[in-house]
Amino acid sequence: MAFLDLNDVRKSFMQATAVEMFNLKVERGEFVSFLGPSGCGKTTTLRMIAGFETPTSGQIMIDNTDITFKPPNQRPVGMVFQSYALFPNMKVADNIGFGLKIAKKSKDEIASRVEEMLALIHMREFAHRYPYQLSGGQQQRVALARALAVQPQVLLLDEPLSALDAKIRVQLRQEIRAIQRKLGITTIYVTHDQEEALSLSDRIVVMSAGRIEQIGTPFEIYNFPQTPFVASFVGTLNALEAEVRDASTGRIAVDGQEIMMAQPLSGAVTGQKITVALRPESISLNGDASGANHLQGQVEAITFLGSIVRIQVRLERHLFFFDSFNNPHLSLPQIGQMVTVRFPHEACLWLSAPQSEPAGD
Amino acid sequence: MCVVPAIVLVFGMLRIYSRPPLALTESDTGTDFLLIAGYVTLSLPYMYRAVDTGLRAMDVRTLTEAAQSLGAGWPTILLRVIIPNLRVALLSGAFLTFTTVIGEFTFATFLARPAFGPYMGLLGQTRAYEPAALAIISLILTWASVGLIQVVGRGAPRQGQLAGAR
Ligand SMILES: Nc1ncnc2c1ncn2[C@@H]1O[C@H](COP(=O)(O)OP(=O)(O)OP(=O)(O)O)[C@@H](O)[C@H]1O
Ligand SMILES: [Mg+2]
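Okay, structure coming up:
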C-alpha cells in the first residue's frame with residue numbers, strides 16, 4: 002500500500018466545492034507536485050493533509066494510519082509556508098529547535114539536532130540572528146530546517162519560493178530537492194509554476210477547478226498530455242484550428258495546408274473542425290524534410306529571448322510561433338519573408354475540445 | 047474616547063451598588079472593586095487599540111498553523127508564540143492605561159477613594175506650595191511611562207531596525 006494515500010477526498014466550503022474526487026497514492030520518498038492555476042484547490046488539498054482543513058468526505062492515510070480527523074499537531078507532517086512564518090520573537094536556532102522543545106527532547110539533543118539542521122541548510126553562522134535580520138531566501142531555508150528538525154514523515158510545501166526573486170528561486174529549489182533526496186522524505190510541493198514542477202518532481206498532479214486532470218512524470222505530462230487542459234497549461238503551445246480530411250490516417254488541414262497526425266483520429270469524421278496543438282520547440286526552419294509535416298507562411302515577428310529566438314509565422318488565417326536555439330551563427334529570416342517550417346508528426350497533439358483560451362505563457 | 051462620560055458612569059454605579067442586593071459601597075474593598083471596574087471600562091479602548099495593532103502586525107493565523115504543525119497545542123502557542131510577539135503592544139497598552147488612570151479625578155472623587163487625583167485636588171484647596179510639587183511629580187510620572195513605552199518598544203526584536211524613527 003502507498004505511503005500517503007488520499008482516497009476520494011472532497012472538500013466543499015458552504016456551497017462551493019474546492020476539491021473533488023481527489024485520489025492520489027504517493028510512495029515513500031517520492032517528490033510529488035500539485036500544479037494548477039490559481040484557485041484550483043492545491044492549497045486546500047495540502048491543508049487537508051496537514052490537518053488545517055477537514056475533508057467533507059474521503060479518507061487520508063499516512064503509513065497505513067488513518068489521519069483524516071487527527072488534529073494537525075498530532076500528525077507526522079511538516080509544513081513550509083509561502084510567507085515563511087518564522088516566529089519573530091525567536092532566534093534562528095530557537096525557531097529550528099521549537100518543535101523539538103515541544104517534543105520534550107533533552108537540551109543536548111536539541112542543540113545537536115539544531116546544529117545538524119543548520120549545517121544542512123548551510124547557515125551555521127546565522128544561528129543567533131533574528132528572522133528579520135535574514136534575507137527572504139535565508140528565512141525560507143530556516144523554515145525548511147524547522148519543519149525537518151522534528152523528522153516528519155511527510156513534508157508539505159505551499160509555494161515556498163513565490164515570494165523570492167527569480168535567481169534565488171532557481172537556486173533554492175535545487176537546494177530543496179537535494180535536501181529532500183538526501184533525507185529521502187516524502188514530499189508534496191504546491192506550485193503554479195510549471196517550470197518548477199517539471200524540474201523538481203518525480204510525479205506531477207495537474208489540477209483544474211478542484212479536479213485532478215492528470216497524474217504523471219514530468220516527461221509524461223509534457224509529452225503526452227491526456228486532456229486539452231494539461232496540453233495548454235503545461236508548456237507553451239500553438240493551438241490551431243484544423244479540418245479533418247481523413248480520420249483513419251490522421252490527415253488534417255490547417256488553412257488549406259495538409260499535415261499528418263501521428264495517430265488516426267478515432268471518433269472524428271471527415272470535415273469536422275478540431276483543435277490541434279503544436280509545441281514551439283518541435284518546429285524548425287531547416288529540420289529533416291523526409292516524412293515530416295511542413296507548413297508555409299510569412300514571418301510576422303522575431304523576438305529575441307536570450308537563449309532562444311521566437312519566430313512568429315502567419316498562415317492564411319492562423320498565427321503560430323516556434324523557437325530556435327540562439328547561437329552566434331544563427332541566420333534568421335527577414336520579417337515578411339515566406340518560410341517553410343517542419344515538424345514531426347508526433348509534435349501535433351489533438352485537443353479534442355476547441356480551446357477557448359489561448360496558449361499559456 | 048469613552049462613549050459614556052465618567053460622571054454618568056459613576057453615578058450609575060453609585061445608584062446600583064449603594065443598596066442591596068449588591069451594596070458594594072458599604073465596604074472599602076467593595077468600593078475599590080468598583081473603582082477598578084470603572085478604570086477597566088475607561089482604559090478598555092486604549093488597551094484594545096494597542097492589542098489590535100499588535101495582532102495586525104503579525105500573521106497570527108500562519109504563525110499558529112506553523113506552531114501546530116510542529117506539534118504545539120493551544121496553551122503553548124499562546125504562551126510561546128502569540129504573547130511574546132504581543133509583548134510590546136501589551137506593555138504600551140498598560141502604560142497608556144497607567145497615564146490615563148493616574149490623573150483620573152471623577153471616579154476617585156465620587157467613590158471617595160484616596161487616589162492621586164482627588165489628593166491633588168484636596169491639597170490644592172488647602173496648601174500653598176505642595177500642589178506645585180505634586181503637579182511636577184505627576185508630570186514626571188506620566189512622561190516616564192511614555193518614555194518607558196519607547197524603551198520597551200526599542201528592545202523588541204521586530205522594531206529593532208526602526209529604533210531611530212519616531
Ligand atoms: N476558507 C475558505 N472558505 C471558502 N472558500 C475557500 C476557502 N479556502 C479556499 N476556498 C476556495 O476554494 C478554492 C480553492 O482554493 P485554494 O486556496 O485551494 O486554491 P489554490 O489552488 O491554492 O490557488 P492559488 O494558486 O491561488 O494559491 C477557491 O475557489 C477558493 O475560493
Ligand atoms: Mg494556494
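Chains U and W supply the protein sequences, listed in that same order. Take the position in the first sequence, starting the count at 1, then add 1; the result is the number in the numbering used here. Take the position in the second sequence, starting the count at 1, then add 46; the result is the number in the numbering used here. C-beta atoms are modelled at their ideal positions from N, C-alpha and C, and glycine is treated no differently. All values derive from a computational prediction rather than experimental measurement.
Secondary structure within the segment 210–290 of chain U: the alpha helix (DSSP H) runs of 4 or more consecutive residues, fully enclosed, are 219–224 and 229–234 (chain order).
Residue contact check for A96/W against chain U: no CB pair falls below 7 angstroms.
With a cut-off of 6 angstroms, the C-beta of F82/U is classified as distant from ligand 1, since no heavy atom of the ligand falls inside that distance.
For S332/U, no CB of chain W lies under 7 angstroms from its own CB, so it is not counted at the interface with that chain.
Considering only E160/U, F53/U, F322/U and L87/U, the residue with the shortest C-alpha distance to P38/U is E160/U. Between the segment 144–151 of chain W and the segment 107–127 of chain W, the count of C-beta pairs closer than 8 angstroms stays below three; the two stretches do not touch. With 16 or more other Cβ atoms from the protein chains shown falling within 10 Å of its own Cβ, S115/W counts as buried. The C-beta of A112/W comes closer than 7 angstroms to at least one C-beta of chain U. With respect to E244/U, A232/U sits apart: the two C-beta atoms are not nearer than 7 angstroms. If you draw a straight line from the Cα of L90/W to the Cα of F14/U, it comes to about 36 angstroms. Taking a C-beta distance under 7 angstroms as the contact criterion, P73/U and G98/U do not qualify as a contact pair.
Interface criterion met: the Cβ of T108/W is under 7 angstroms from a Cβ in chain U. DSSP, reduced to helix, strand and coil, places F53/U outside both helices and strands of the structure shown, so it counts as coil.
Secondary structure note for T71/W: it is in no alpha helix (DSSP H), with a DSSP letter that is neither H nor E. Considering only S200/U, I122/U, R130/U and T187/U, the residue with the shortest C-alpha distance to P153/U is T187/U. Relative to the non-hydrogen atoms of ligand 1, the Cβ of G167/W never comes closer than 6 angstroms to any of them. Taking 7 angstroms as the cut-off between beta carbons, the residues of the segment 90–107 of chain U near chain W are N90, F99, G100, I103 and A104, in sequence order. With 6 angstroms as the limit, the residues whose C-beta approaches a heavy atom of ligand 1 more closely than that are F14/U, A17/U, A19/U, G37/U, S39/U, G40/U, C41/U, G42/U, K43/U, T44/U, T45/U and H193/U, in chain order.
Residue-level contact check: S191/W does not touch chain U, since none of the beta carbons of chain U fall below 7 angstroms from its beta carbon. L149/U has its alpha-carbon roughly 56 angstroms from the corresponding atom of A52/W. Under the DSSP definition of a beta bridge, F321/U partners with V314/U.
With fewer than 16 other Cβ atoms inside 10 Å of its own Cβ, Q338/U counts as exposed. Counting along the chain, the unbroken beta strand (DSSP E) around L296/U starts and ends at N294 to F305.
Taking 8 angstroms as the upper bound for CB-CB distance, P281/U and N239/U are in contact here, some 7 angstroms apart. Note on geometry: alpha-carbon atoms of I177/U and V127/W lie some 27 angstroms from one another. DSSP places N96/U in the helix class (H, G or I) of the three-state scheme. In the DSSP annotation of this structure, S58/U is not part of any alpha helix (DSSP H); the continuous beta strand (DSSP E) holding it starts and ends at S58 to I63. The alpha-carbon separation between L81/W and M104/W amounts to approximately 34 angstroms.
Counting only the Cα atoms, Y190/U lies some 10 angstroms from M80/U. Ranked by Cα distance from M261/U, the options Q273/U, V277/U and G268/U are led by V277/U. Annotated three-state conformation of V198/W is helix, per DSSP.
For F321/U against L279/U, the beta-carbon gap comes to about 6 angstroms, under 8 angstroms, which counts as contact. Scanning chain W for C-beta atoms nearer than 7 angstroms to the C-beta of A51/U yields S115, reported in chain order. When CB distances to chain U are screened at a threshold of 7 angstroms, the residues of the segment 121–147 of chain W falling below it are T122, V127, P130 and N131, in chain order. Around D105/W, the beta-carbon contacts reaching into chain U at under 8 angstroms are S84 and A86.
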